[in-house]
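Numbering (the working numbering), first residue to last: 15 to 363. Just so you know, even glycine gets a beta-carbon here, dropped at the ideal spot from N, CA and C. Predicted model only: the values in this text are computed from it and were never measured. Before any comments, here is the structure.
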């Protein structure tokens, strides 16, 4: 019989859980604070619960955890990458499910990039994650476990979360929405929604669903091309949702909620010409958008190479001259396989 996942449970669900056990409602707050405020790894850590109650909970509930099986630190000092193996009931997942999590340090503070799936089925040409396909979705508790494991490693709360690791967040929609609300609960980690960024390859119907959630997170859309011809070469999702349809959804999201950020991976000879920049600027005209230009990471299996620094700078200049705000993302962690899927693939090799 599968045990109740108390790390993925909302506060209201925990209240129902303890009520069904015949316990007082305040026990729910104690359990929630242990899991999401004190990052408890097992039920026996909950010392303000009696030994008998801990025993009863352990019989019917579990706390999924993420154990760091490999940690790499970049020579630039700004990046730390974790390969985490997921646990249930203190036992490693028999399927050897891994999550990749990256800690990035900037002037404004620390950001943690968490994974939402083991593997990915999107198959983007520049990404290592999809090489092995999708293994499975991660639960809300397993996504949160990555945050708590990294926070323990650095000895304190990490201020910002980027849902941009392995997997497509909107392909694991319900668990990701639950995670955002769990991690933001002030009775636990209390990471405000304005400190959370969610990245998507562009599953259009889910962008409209996300609008209905009325969240205050930042939405980042992985665009990577100024037109359908190039985008379809790089991203299979573009064969289902064209760039016009995607940008229409983005404009609706921006109008209803907040400004959107676009990610544009710079790939030499593919999407980095002056003409590409001018076409992109035209596409984004009138939007209060921001474009992050990202030097492509080297993925041996993909055979693509990053644009030169001079080309990226020139591309940014064309966008800025056209009135589109653009920045070049500082390359972090290339020496430690910090691109999505790289460390997991190396570990499995």
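| Expressed to the nearest angstrom, what Euclidean distance is found between the alpha-carbon atoms of residue 28 and residue 161? | Cα to Cα, residue 28 sits roughly 21 Å from residue 161.
| Quick one: Cα of residue 264 to Cα of residue 274, how far? | Put simply, the backbone Cα of residue 264 is about 7 Å away from that of residue 274.
| field | Cutoff 7 Å; reference residue 159; Cβ partners in own chain excluding five residues on either side | value | Sequence-distant Cβ neighbours of residue 159 in its own chain, meaning closer than 7 Å and more than five residues away, are 21, 78, 79, 80.
| request: Identify, in the order they occur along the chain, each residue of the same chain with its Cβ nearer than 7 Å to the Cβ of residue 137, setting aside the five sequence neighbours on each side. | output: Taking residue 137 as the centre and dropping the five residues before and after it, the same chain places the C-beta of 144, 250 closer than 7 Å to its C-beta, in chain order.
| request: Can you give me the Cβ contacts of residue 50 inside the same chain, cut-off strictly under 6 Å, excluding the 5 residues immediately before and after it? | output: Only 202, 203 meet the Cβ criterion.
| said: Quick check for students: name the residue ranges of the beta strand (DSSP E) that lie wholly in the region 125-167, counting only runs of 3 or more. | reply: Runs of the beta strand (DSSP E) inside the region 125-167: 131-133, 148-151.
| query | For residue 35, does the count of other Cβ atoms within 10 angstroms reach 16, so buried, or fall short, so exposed? | reply | So residue 35 counts as exposed.
| request: Give me the Cα-Cα distance between residue 155 and residue 279, rounded to the nearest whole angstrom. | output: About 30 Å.
| Can you give the Cα-Cα distance for residue 44 and residue 62, rounded to whole angstroms? | Rounded to the nearest angstrom, the two C-alpha atoms are 8 Å apart.
| field | Inter-residue Cα distance where the pair is residue 172 and residue 192 | value | Roughly 19 Å separates the two Cα atoms.
| beta strand (DSSP E) segment containing residue 84, residue limits | That run of the beta strand (DSSP E) goes 79-87.
| In whole angstroms, what is the alpha-carbon distance linking residue 23 and residue 47? | In this structure, the alpha-carbon of residue 23 lies about 12 Å from that of residue 47.
| query | CB residue 95 to CB residue 114, shorter than 8 Å? | reply | Closer than 8 Å, so yes.
| query | According to DSSP, is residue 191 helix, strand or coil? | reply | If DSSP states are grouped into helix, strand and coil, residue 191 belongs with the helices.
| request: Give me the Cα-Cα distance between residue 120 and residue 213, rounded to the nearest whole angstrom. | output: Each residue's alpha carbon lies about 19 Å from the other.
| said: Considering only heavy atoms of the ligand NAP, does any lie closer than 7 Å to the CB of residue 302? | reply: What this structure holds is no ligand at all, so the ligand NAP is not there to describe.
| query | Based on the DSSP secondary-structure assignment, which residues constitute the bridge partners of residue 214? | reply | Residue pairing for residue 214: DSSP places it in a beta bridge opposite 235.
| Span of the alpha helix (DSSP H), counted from its first residue to its last, around residue 259 | 257-270 is the extent of the alpha helix (DSSP H) around residue 259.
| query | residue 290 lies in the alpha helix (DSSP H); which residues open and close that run? | reply | In the DSSP annotation of this structure, the continuous segment of the alpha helix (DSSP H) that includes residue 290 starts and ends at 288-297.
| field | Element boundaries [beta strand (DSSP E), containing residue 326] | value | Unbroken run through residue 326 is the alpha helix (DSSP H), 323-335; no beta strand (DSSP E).
| task | Spatial neighbours of residue 104 within its chain, please: CB distance less than 6 Å, with the 5 preceding and 5 following residues excluded, ordered by chain position. | result | Unreliable placement is indicated for residue 104, whose pLDDT of 49 sits below 50; the coordinate value is still reported in the next sentence. In its chain, beyond the 5 residues on either side, no residue has a beta carbon closer than 6 Å to the beta carbon of residue 104.
| request: Could you name the residues of the same chain whose beta carbon sits closer than 6 Å to that of residue 176, not counting the 5 residues immediately before and after it, in chain order? | output: So the qualifying residues of the chain are 125, 127, 211.
| message | Buried or exposed for residue 236, going by 16 or more other Cβ atoms inside 10 Å? | response | It is buried - the Cβ of residue 236 has at least 16 other Cβ atoms within 10 Å.
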